[in-house]
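See structure below.
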Amino acid sequence: MGLLGTAERPLRVAIIGSGPSGFYAADALFKKLPHCTVDMFESLPTPFGLARSGVAPDHENIREITKYFEKVARSERYAFFGNVALGYQISVAVLKKYYDAIIFACGTPVGKNLGIPGEDLPGSYSAATFVGWYNGHPAHAHFPFDLSHETAVVIGVGNVALDIARILTKPVDELKHTDISQHALDVLAASKIKDVYIIGRRGPVQAKFKENEIKELGKITDCACVIKPQDLELNTASEKELEEPSAQRIMTILRELSARPADSIQKRRIHLRFLLSPVRIEGMSHVESILLEQNILVGEPFKQKAKGSGEIVEIPCGAVFSSIGYRANPIPGVPFNHKLGIIANTEGRVVDENGVVPGLYTVGWIKRGPRGLIGSNKPCSAETVQKLLEDLPTLPPCEIPSMDEVKNMLIRRGVRSISYEEWLKIDALERERGKQLDKPRERFTQVSQMLEALGDIKACIQQPDTL
Ligand SMILES: Cc1cc2nc3c(=O)[nH]c(=O)nc-3n(C[C@H](O)[C@H](O)[C@H](O)COP(=O)(O)OP(=O)(O)OC[C@H]3O[C@@H](n4cnc5c(N)ncnc54)[C@H](O)[C@@H]3O)c2cc1C
């Protein structure tokens, strides 16, 4: 003990997950500790998490952040092990033999359920699946979305809900030169959707979307943004909440949108509705309508809760998208806070009922819940790395500090891991496929396609297509 992080015995860290928080953690480690190595394990053959498979295709500038992560990956102290899922091909117990510290950066990939009758009907979808579908994520790309109805309802008023409404209403001509997956573009081109309702449980002041996202909603070609003036009437507590400058700016945008004269020539409409909670989805063999209860707000400013008034509103529709948040998948052997849907932790140190679990850390959405933009993961990861460095003198060293032995262990287990160089080949091929369609990239949507593109037919036969 005490030697870890020196030239004689560099610290060996495994980061699980290659999304923004994983890369920010690697970056912070490289900057703070000259003698350390990071091996990053990722269940997909491709890196960058939601920066690749969450960010909307018409937000190309946001994806640019991957260039920063690419710089981190160029470090000689970094190695990528793609196509290796913790909990499936390797366990925490096995990894502990090869690494002094493990940082979980697995995100929160599971969409939260509405928990109402009718949610299982065909036509009722999770935001996580829809977003993964248009971004070509192998687990979601083949989901059969049915956009043959005229009305869709999106439950939730966060940025993701607004992304979904925008993708459903934007003319395909404005999407076809983005990196949206071709299968999604084809379905959107044939879509019959004319009206999209976005439903918020509380009022406009409590909505979670950001200023830029709501501004964008008002600028979609051939699409009106409809907001009832009475939905923007505020109680005294909400007026008080308007003291926050961002809430005030958002209210100004909403009031401008609400005051716009109705334009009958616009092909599509997005209706923003507040103070409504979903009660039941109705339909015989497919979604036919959704019932919502009108709410009132009760409580102190900044702590107001929605309370049902008993009044029910029905919106006939053929599709419902639930966008009310995400939760993490529990990892076998790692303490989990089931109430919050995250790894149990204090400032990034994993904790159980006996206190801190030595050598285990967490960052990003699986540490603090699905909140915050990409940049907010940087201070979050820095905090965890700081705790890890404070723990260094007492950290028990691992038994087998050797990357070659990690590679041998994966081979023994029959795991076909993807190196960073192989990802760069996949990346180049996707860009090449994109060129043929006049797009920046056309993603591979199956793991087997990626392995085949790398010339690995044997692994391709063994590999399941979905994760
Ligand atoms: C739909 C959507 C759109 C968004 N758009 C924007 C935007 O426009 N701008 C912005 O700034 N922010 C945006 N965000 C927020 C941003 O994406 C998050 O802040 C960020 O991605 C969280 O990073 P993370 O590393 O914690 O998780 P993730 O990005 O989810 O990364 C987790 C990684 O871990 C991998 N993983 C999971 N389980 C395992 C396992 N068992 N073994 C190995 N690997 C595993 C996953 O495959 C994934 O690659 C968006 C989020 C969503 C959901």
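All residue numbers for the sequence shown refer to my numbering, where the first residue is 345 and numbers rise by one. All residues carry an ideal CB built from backbone N, CA and C; glycine is no exception. It should be emphasised that the depicted structure is a prediction, and the values quoted were computed from it without experimental measurement.
Closest in alpha carbon position to D402, among R612, K536 and L519, is L519. K375 carries a helical assignment under DSSP once its states are collapsed to helix, strand and coil. Following the DSSP letters along the chain, one finds C724 inside the alpha helix (DSSP H) bounded by residues N721 to D735. Excluding residues up to 5 positions away in sequence, L773 lie with their Cβ nearer than 6 Å to the Cβ of A797 in the same chain.
According to the DSSP assignment, N639 belongs to the beta strand (DSSP E) that extends over S633 to V642. Per the Cβ contact rule, the region 413-425 is not in contact with the region 721-738 (fewer than 3 Cβ pairs under 8 Å).
Distance from the Cα of F646 is smallest, within the candidate group I564, G685, Q610 and K584, for K584.
L620: not part of any alpha helix (DSSP H); member of the beta strand (DSSP E) spanning L620 to E626, first to last residue. One alpha carbon belongs to E560, the other to T513, and they sit about 12 Å apart.
Taking the Cβ atoms as the reference, Y705 lies roughly 6 Å from V694, within the contact range of under 8 Å. By the Cβ neighbour-count rule, G652 is exposed, with fewer than 16 other Cβ atoms within 10 Å of its own. Here A372 is not near I447, since their CB atoms are 7 Å or more apart.
In this structure the region 592-604 does not touch the region 651-671; the number of beta carbon pairs closer than 8 Å is below three. For R407, the three-state secondary structure derived from DSSP is helix. Going by beta carbons, R407 and V399 fall inside the 7 Å limit. For N681, DSSP records a beta bridge to I686. For E655, the uninterrupted beta strand (DSSP E) segment begins and ends at K649 to P660.
By the neighbour-count criterion, in which 16 or more other beta carbons inside 10 Å mark a residue as buried, Y443 falls on the buried side. Of the other Cβ atoms in all chains shown, 16 or more fall within 10 Å of the Cβ of E766; this residue is therefore buried. With contacts defined by Cβ atoms closer than 7 Å, G500 and S667 form a contacting pair. Distance between K711 and P605, taken at the CA atoms: about 45 Å. Fully enclosed alpha helix (DSSP H) runs of no fewer than 4 residues occupy 394-397, 404-407, 409-417 and 436-442 of the region 384-454, in order along the chain. If you draw a straight line from the Cα of L388 to the Cα of P515, it comes to about 31 Å. Looking at the DSSP output, I543 sits in a beta bridge with I499 and R617. Within the same chain, and ignoring the five residues on either side of E555 in sequence, the residues whose Cβ sits closer than 6 Å to its Cβ are R593 and I594. Excluding its 5 nearest sequence neighbours in each direction, K722 has C-beta neighbours in its own chain below 6 Å: Y368, listed in chain order.
For T473, the enclosing alpha helix (DSSP H) stretches over residues A471 to Y478.
DSSP places R712 inside the alpha helix (DSSP H), whose first and last residues are W709 to R712. Its chain contains A581 and L641 as the residues whose beta carbon lies nearer than 6 Å to that of Q648, once the 5 sequence neighbours on both sides are disregarded; these appear in chain order.
With a threshold of 6 Å, the Cβ atom of L512 does not count as near ligand 1, since no heavy atom of the ligand is closer than that.
Between the alpha carbons of I609 and K779 lies a distance of about 35 Å. Under DSSP, the beta-bridge partners assigned to S666 are S470 and I499.
Set against 6 Å, the gap from the CB of F553 to the closest heavy atom of ligand 1 is not smaller.
The nearest non-hydrogen atom of ligand 1 is less than 6 Å from the C-beta of F385. Proximity to V531 across T565, H493 and I543 peaks at H493, based on C-alpha coordinates.
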